[in-house]
Amino acid sequence: LYAAKGSDAGLAQLSLSYADYAAWQRRRAESAAWEASREYWSNQLSNTPRLSLPTDCERPEALTGGGAGHRFVVPAKLVAGWREWSQREGATRYMTLLAAWQVMLGRYAGQDDFAVGSPVANRPEAALEGMVGFFVNMIALRADLAGEPGFDVHLGNVVRATQAAFEHQEMPFEQIVERLQVPRNLSHHPVFQVGFTFQNEAAGSMQLAGVDFTPLVVPITAA
């Protein structure tokens with residue numbers, strides 16, 4: 111696109127517009143499948159306990175959005191083992207990391223039942239891949255660590271729970287919150303208080319004629 115300098119870049123014509131998607135979603139909202147998704151989330155997230163992590167300060171009366179980032183590098187040997195384990199157990203790397211994240215949170219909080227939020231692309235159809243527009247939705251994945259299951263057992267549970275959640279990912283999260291009728295509190299988010307995002311991006315440099323790029327590490331100052 112940069113090299114085309116405003117002229118025809120040879121992009122393929124889209125088969126759908128965002129208006130088409132909006133109309134389709136409106137029809138879906140009146141279907142039995144939509145109600146089934148709403149019922150699925152109601153059953154999955156009803157009476158989800160709030161995750162209470164030990165902290166060095168009291169929670170403020172209202173969320174401030176203040177936060178910080180901590181960067182670290184995972185050793186290559188550990189990454190190789192993580193990939194091998196995932197393939198052996200029929201899980202994606204996303205699922206394996208999510209399972210480990212849930213185990214760590216459960217140990218810190220001393221809880222075996224809580225939910226972790228995760229953003230999803232929400233582009234289930236191939237025709238939506240190239241469309242410009244905001245489709246991202248949040249899903250809440252409930253952790254079940256009751257009985258201290260082995261990690262292989264827990265990972266199997268996460269695989270099944272994640273696959274089912276992805277099948278119902280189009281249900282807007284705000285509608286799920288409304289359906290659950292969760293008591294609202296300004297000091298924490300409803301349904302889940304911790305998130306998990308896995309960005310599977312290959313590290314590489316960008317090449318454009320006549321342009322130099324310098325990668326910058328942007329400090330994280332918000333949560």
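Every number in our numbering is 110 more than the matching position in the sequence shown, counting from 1.
Backbone N, C-alpha and C define an ideal beta-carbon position, used for all residues, glycine too.
Fair warning: this is a prediction, and the values are worked out from it, not measured in the lab.
As computed with DSSP, Ser228 is found in a beta bridge with Ile249. Looking at Ala143, Arg136 and Arg160, the one whose alpha-carbon comes closest to that of Arg294 is Arg160. Around Ala237, the same chain offers Ser125 and Leu126 as residues with beta carbons nearer than 6 Å, after the five sequence neighbours per side are excluded. Annotation for Gly200: Val269 place their beta carbon closer than 8 Å to its own, counting only its chain and skipping 5 residues before and after.
For the pair Phe224 and Thr158, the CB atoms are nearer than the 9 Å cut-off. Contact check for Val321 against Val226 fails: the beta carbons are separated by 9 Å or more. If you look at Met205, you'll find it in the alpha helix (DSSP H) that goes Arg203 to Ala219. Secondary structure in the region 123 to 149: no beta strand (DSSP E) run of 3 residues or longer lies completely within the stretch. Contact between the region 112 to 132 and the region 237 to 247 is established, with three or more Cβ pairs separated by less than 8 Å. Going by beta carbons, Asn310 and Arg203 fall inside the 9 Å limit. Annotated three-state conformation of Val189 is helix, per DSSP.
Remark: C-beta atoms of Phe276 and Ala250 do not approach each other more closely than 9 Å. By the neighbour-count criterion, in which 16 or more other beta carbons inside 10 Å mark a residue as buried, Met281 falls on the buried side.
If you draw a straight line from the Cα of Gln123 to the Cα of Met205, it comes to about 35 Å. Judged by beta-carbon spacing, Ser228 lies beyond the 9 Å limit of Leu255, meaning their Cβ atoms are not closer than that value. Leu155 and Leu290 do touch by the CB rule: their CB atoms are close to 6 Å apart, below 8 Å. In terms of Cβ geometry, Leu296 and Ala253 do not form a close pair [threshold 9 Å]. Burial state of Thr331 is exposed, judged by a 10 Å Cβ sphere holding fewer than 16 other Cβ atoms. Remark: C-beta atoms of Gln273 and Val230 do not approach each other more closely than 9 Å.
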